[in-house]
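Residue numbers (UniProt numbering): 1 to 133.
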């Protein structure tokens, strides 16, 4: 099972990377962007929890997204030790295109596999993700 899950993950990442490349995004960057909400500024810890990425993985992704104008870091007004992340106006403008491209990958899978199988696979993978060994 582990081999098949890994193989599918690599394939999906490859598909997402291909459709996101014209925007200068990777799959990991895309997943961080879609974890953001337009009207909020989460902390790195909150974003880490949403994306299931640890801070050492998330930091360089945020660095690149900030460099490319998608996100910006800002100090927390209530706690100088905390940094918050928010979408820039440019990021807000470009995010719908990124979402549309990401949705196209999922829609293509749904077309080829059918909604019942995609839903079953998604539910099964959620259950596997919750298993503690």
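Cβ atoms here follow ideal geometry from the backbone N, Cα and C, with glycine treated the same way. These numbers were taken from a predicted model, which means no experiment stands behind them.
Shortest Cα-Cα distance from residue 27 to any of 123, 3, 58 involves 58.
Using a Cβ distance threshold of 7 Å, residue 82 and residue 51 do not count as a contacting pair. For residue 33, the closest alpha carbon among the candidates 63, 123, 8 is that of 63. For residue 61, the number of other beta carbons within 10 angstroms of its own is at least 16, and it is reported as buried.
The residue from 5, 2, 15 with its alpha-carbon nearest to that of residue 107 is 15.
Collapsing the DSSP output to three states places residue 40 in coil. Per the coordinates, the alpha-carbon of residue 110 lies some 19 Å from the alpha-carbon of residue 31. In this structure, residue 103 and residue 23 do not form a Cβ contact; the two beta carbons are roughly 14 Å apart against a cut-off of 8 Å. In the structure shown, residue 131 falls within a coil segment according to DSSP collapsed to helix, strand and coil. DSSP places residue 68 outside both helix and strand once states are collapsed to three, so it counts as coil. Residue 86 is bridged by DSSP to 72. With respect to the C-alpha of residue 38, the residue from 4, 113, 74, 88 having the closest C-alpha is 88. Boundaries of the alpha helix (DSSP H) harbouring residue 27: 27-35, taken from the DSSP string.
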